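Notes follow the structure.
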Amino acid sequence: EDKVVQSPLSLVVHEGDTVTLNCSYEVTNFRSLLWYKQEKKAPTFLFMLTSSGIEKKSGRLSSILDKKELFSILNITATQTGDSAVYLCAVVRSGTYKYIFGTGTRLKVLA
Amino acid sequence: EAQVTQNPRYLITVTGKKLTVTCSQNMNHEYMSWYRQDPGLGLRQIYYSMNVEVTDKGDVPEGYKVSRKEKRNFPLILESPSPNQTSLYFCASAPPAKPYEQYFGPGTRLTVT
């Protein structure tokens with residue numbers, strides 16, 4: 647059975663800390679891995695990773711994929727209270743647009 | 440403003456009473472999808488559509504129907520809702536050039552008693 651597992655389930659840090667969120671997957675016919683940020687309600691797209699070893703960056707956020715070990719990490723440096731959210735990882739199966747989501751990591755950044 | 444809208448945003452209904460949750464996008468996106476989100480289970484895909492009249496099942500399609508008669512609209516139909524369909528529902532759409540960059544609607548919280 648295909649699955650996506652995120653860790654930790656939750657995390658509390660202080661402003662300025664650096665955090666690493668993990669996403670491992672077991673999916674047949676892997677195509678891409680995506681990261682989303684969910685604050686109050688609707689998720690918003692962060693990154694899509696398809697190739698192993700290529701880092702995607704956006705400001706203080708970065709992500710990388712390891713297709714051999716079947717995982718991805720999302721790094722947030724110099725965290726701010728506005729980074730508080732649930733971070734979702736999803737995998738897309740090749741040849742389809744079917745998404746499998748993990749249950750998310752809840753990040754709380756304290757001032 | 441580019442957006443995905445859902446209606447209603449909140450709904451309490453009773454078992455067996457047919458309902459429709461509407462989803463509309465104004466971005467001319469071809470891809471649209473429905474998800475449900477439950478505590479401890481994350482987001483699970485119900486149905487998706489690659490274009491008008493083209494739909495396919497996600498991981499949890501049982502008890503749901505969809506239709507895609509126009510590009511902008513993708514309604515979710517519960518013919519006979521049951522309490523286990525109580526959930527937070529999200530509609531999403533994505534552009535043809537970037538089908539994985541989904542834009543999510545604000546969500547519909549459905550309670551079936």
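If you read the sequences in order, they're chains A and B. Quick note: the first sequence uses the working numbering, first residue 647, plus one each step. Quick note: the second sequence uses the working numbering, first residue 440, plus one each step. Ideal Cβ positions, reconstructed from N, Cα and C, are used throughout, including at glycine. Bear in mind that the values here come from a model prediction, so they are computed numbers and not experimental data.
Residues within the stretch 712-741 of chain A neighbouring chain B, beta-carbon criterion of under 7 Å: LEU734 and VAL738
Cβ shell of LEU707(A) (< 6 Å), same chain only, five flanking positions each side left out: ILE722
Does the beta carbon of ILE746(A) come closer than 9 Å to any beta carbon on chain B? yes
Closer than 9 Å, CB to CB, is THR664(A) near chain B or not? no
Beta-carbon within less than 6 Å of ILE451(B)'s beta-carbon, same chain only, minus the 5 sequence neighbours each way: which residues are those? THR550
Whose C-beta lies closer than 6 Å to the C-beta of ASP498(B) among residues of the same chain, with five residues either side of it excluded? ARG483 and GLN484
Using a Cβ cut-off of 9 Å (strictly closer), state whether GLY750(A) contacts chain B. yes
Evaluate contact between the stretch 514-521 of chain B and the stretch 458-466 of chain B, counting only Cβ atoms and requiring at least three cross-stretch pairs below 8 Å. yes
Under 7 Å Cβ to Cβ from LYS757(A), same chain only, skipping five residues before and after it: list those, please. In the sequence under discussion, the amino acid at residue 757(A) is Ala, which differs from the Lys named in the question. Around ALA757(A): GLU661 and THR727.
Is the CB of PHE676(A) under 9 Å away from at least one CB in chain B? no
Identity of the residue in GLY748(A), VAL665(A) and THR664(A) nearest TRP681(A) by Cα: GLY748(A)
Tell me whether GLY728(A) sits in a helix, a strand or coil according to DSSP, three-state version. helix
Between the alpha carbons of LYS729(A) and ASN668(A), how many angstroms are there, rounded? The identity of residue 729(A) in the sequence shown is Asp, whereas the question assumes Lys. Straight-line Cα distance between these residues: approximately 16 Å.
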